[in-house]
Structures are given as structure tokens and as C-alpha cells.
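*Asks:* Structure below; questions to follow.
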Amino acid sequence: MAYNVEAEEFQSLDEEEFEHEDDDGAIRVSRKGTLSKFVRTKTSSRVTNGAKDMLMAQLEQITIMLVKRAEEVCASQGRSTIYDSDLQTAYEELMQPHEFIDKIILELDNQKEQLKIVAQASLVRHMEV
């Protein structure tokens, strides 16, 4: 199952809503007010200011992870521009780590079988009494 974040959901929002410079000069992904409004639409629970600060920091870290992985994906294809498909690939990898783990397990199983074949063909094995 692919996870897809539709770009249309965000087209109606002004870019200023997503990126601005904080008082300390740091560029933030979102404003606390925007985050508060968003959270209120998704839950009936109240959220403390500390929790909002933590969520903003976590969102920024996830954003960095996604952009860095998308950058790797586009570089592996010989491009320097990140496309939506690169971000989608990064997002799916983040949201479905079990698929990545399953792929690695399969590769390790294949290597294990190849090592068994090499061990069986070893000359030293045939010299054992």
C-alpha cells in the first residue's frame, strides 16, 4: 500500500504559512499558530505549548530526513532537482520500513545460499578425513 500525500491539499495555503524566519533567525517549517489550527482540526484533545514545540521540532527533523533521502534518490538518477516522485519514494521508505527490512532479509538469504555453495566447493572440505 503506497502512502500518498496530495499536493492539492496544500496549494490553497500561502507559502508564508509554511516557511518563515523565527525570532532567532532560524527558518521554521511552520508557524506555531498554523500548527495549532491544524492540530485542532485533527483531534479533540488539547495540546500544550510544550507539546506543540516538540511537534514542530519533530516535523522539522522528519522534513530534513525526507528531503535528504529525496536528494539521494534524485542524485542516484543523475539529477540535481528533487521531483515529487523522489519525495514520494522517500516518504514510502519512511512509512514502510518493513518493506526495506524484508528486502535486506531476502538479500541476506541469497548471500547465505551463495556462501553455502562456496563452502561445499572448498578444496579444504574435500581434504578432511
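Using our numbering, the letters of the sequence shown map in sequence onto residues 1193 to 1321.
Note that CB positions come from ideal geometry on N, CA and C, so glycine has one too.
1. Check the Cβ-Cβ distances between GLY1270 and every residue of chain B, and say whether any is below 9 Å.
2. What number of angstroms, rounded off, separates the C-alpha of ILE1274 from the C-alpha of CYS1266?
3. Using 10 angstroms around the beta-carbon of ALA1262, count the other beta-carbons present and answer buried if the total reaches 16, otherwise exposed.
4. So within the segment 1220-1283, which uninterrupted alpha helix (DSSP H) runs reach at least 4 residues, ignoring any that extend past its ends?
5. By a C-beta neighbour count over all protein chains shown, 10 Å radius and 16 as the cutoff for buried, is SER1222 buried or exposed?
6. What residue range does the alpha helix (DSSP H) around GLN1303 cover?
7. Tell me the rounded alpha-carbon separation between LYS1229 and ILE1296.
8. What is the rounded straight-line gap between the Cα of LYS1304 and the Cα of GLN1312?
*Replies:* Per the coordinate set shown:
1. In the structure shown, chain B cannot be found, because there is only a single protein chain.
2. 6 Å
3. buried
4. 1224-1234 and 1241-1268
5. buried
6. 1289-1312
7. 41 Å
8. 12 Å
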